[in-house]
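Read left to right, the first sequence gives residues 2 to 272 (this note's numbering). Backbone N, C-alpha and C define an ideal beta-carbon position, used for all residues, glycine too. All values derive from a computational prediction rather than experimental measurement.
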Amino acid sequence: MPELPEVEVTRRSFRDAIVGARVQSVRMGKPLRWPLGVEPQALAGRVVQEVRRRGKYLLVDLDAGMLLLHLGMSGSLRFAPEQGAAGVHDHFDMQTDHGMLRLHDPRRFGAVVHVTGEEDPLAHKLLDGLGMEPLDPASFRLERFAAGLQASRTPIKQLLLGGKLVVGVGNIYASEVLFLARIDPQLPAREVGPRKVRRLFDGIREVLALAVAQGGTTLRDFSSADGMPGHFQLQAKVYGRDGQPCVGCGRPIRMLRQGQRSTYFCAHCQK
DNA sequence: CGTGGCTCCTGTTAGC
DNA sequence: TGCTAACAGGAGCCAC
């Protein structure tokens, strides 16, 4: 469900409401990707200072320590003054004096981990290798992006998905952005020419920024932590359109597998 | 070290 | 209609 825009929209939707809240209790459901790393009740009394985002991780700063939160493939967050009884897929409930933060995650690829701070070894392990932030002009630099492509033989689609060069481009946006930039997803990154590099760089920024501005949502249902639905109807030009006519040339869109993930593209428009 | 494949888990959908 | 298999928006881990 969540690529960068959805994670960022989620962050914005509950940040103001939760900052200053004091934790009263924490309930865990079934195991998520990793153990919480602390006894849930040990979080009682902590006060939320800030909610930040790094890649697709949400960082919830407490007055002591920090929570790293990831939505995985199927996770969603909800923050509200009142929440109903926990359902079978609600695996993390943090009750505060401002309301409850709840993670709903059927597949449980998501995570909630407590670390002592930015210097915690686990925080380093999870965050250190992350690439540039595409929505932060100070981070996402054309020269660094171009150099990163130049240094890799990996097919460009997989390099984008990997998150080590630039974060937040998920499987849908990877296909869409490559279509917009007219680049063959199978092309080794170092063979992407300067003009295409430029188009790709601009495309990533523009598409992600637009999606955030319009409240997230890619293909299916998504709602932010305050329950508002997104308004961004990404009408996918290639994703999920195997066999259907390309909006550019009318030839059939093709699907292929790259690293166990599907890629959609137009072999005529993208070369 | 860069790279590719496997893996975690459950729900939905396509196909027989 | 019912069963089964394939597939799903992520990313860490491990073997080459």
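Burial is judged here by how many other beta carbons sit within 10 angstroms of a residue's own beta carbon; Q42 has fewer than 16 and is exposed.
For A87, same chain residues with a beta-carbon under 8 Å away, outside a window of 5 residues either side, are R28, G30, D94 and R103 in chain order. DSSP places D203 in the helix class (H, G or I) of the three-state scheme. In the pairwise beta carbon analysis, the stretch 69 to 82 is classified as not touching the stretch 147 to 163: fewer than three pairs are separated by under 8 Å. Between the stretch 164 to 178 and the stretch 124 to 133 there are three or more C-beta pairs closer than 8 Å, enough to call the two in contact. Judged by their CB atoms, P230 and G216 are nearer to each other than the 9 Å cut-off.
Annotated as distal: M67 and V8, with beta-carbon spacing of 9 Å or more. The beta-carbon separation of P3 and K57, rounded to 7 Å, stays under the 8 Å limit for a contact. Here H125 is exposed. Its C-beta has fewer than 16 other C-beta atoms within 10 Å.
With a threshold of 16 other beta carbon atoms within 10 Å, A214 falls short and is exposed. Residue environment analysis places D98 among the exposed positions, since fewer than 16 neighbouring C-beta atoms fall within 10 angstroms of its C-beta. Distances from the alpha-carbon of L72 to those of D185, Q187, G111 and E40 put G111 closest. When DSSP assignments are scanned along the stretch 143 to 175, no uninterrupted stretch of beta strand (DSSP E) that is 3 or more residues long falls wholly within it.
Three or more beta-carbon pairs drawn from the stretch 197 to 215 and the stretch 137 to 146 are found closer than 8 Å, and the two stretches are therefore classed as touching.
Taking C-alpha positions only, I19 is separated from L59 by approximately 13 Å.
Between R47 and D64, the beta carbon gap of about 6 Å places them in contact (Cβ cut-off 8 Å).
Taking C-alpha positions only, E40 is separated from G118 by approximately 17 Å. Considered as a whole, the stretch 94 to 150 harbours 122 to 128 as its complete alpha helix (DSSP H) runs of no fewer than 4 residues, in chain order.
When the five nearest sequence neighbours on each side are left out, the beta carbons in the same chain lying within less than 7 Å of the beta carbon of V239 are those of S176, E177, F180, I254, Y265, F266 and C267, in order along the chain. Secondary structure at V208: helix, using DSSP grouped into helix, strand and coil. Under the three-state reduction of DSSP output, L70 falls in the strand class. Cβ contact annotation for V10 (same chain, cutoff 7 Å, sequence separation greater than five): V213, G216, G217, S225 and G231, in chain order. Annotation: the continuous alpha helix (DSSP H) that includes D17 extends over L5 to I19. DSSP, reduced to helix, strand and coil, places Q215 outside both helices and strands of the structure shown, so it counts as coil. Annotation for L127: Y58, L69 and V114 place their beta carbon closer than 8 Å to its own, counting only its chain and skipping 5 residues before and after. Under the three-state reduction of DSSP output, L179 falls in the helix class. Buried is the label assigned to C270, since at least 16 other Cβ atoms lie within 10 Å of its Cβ.
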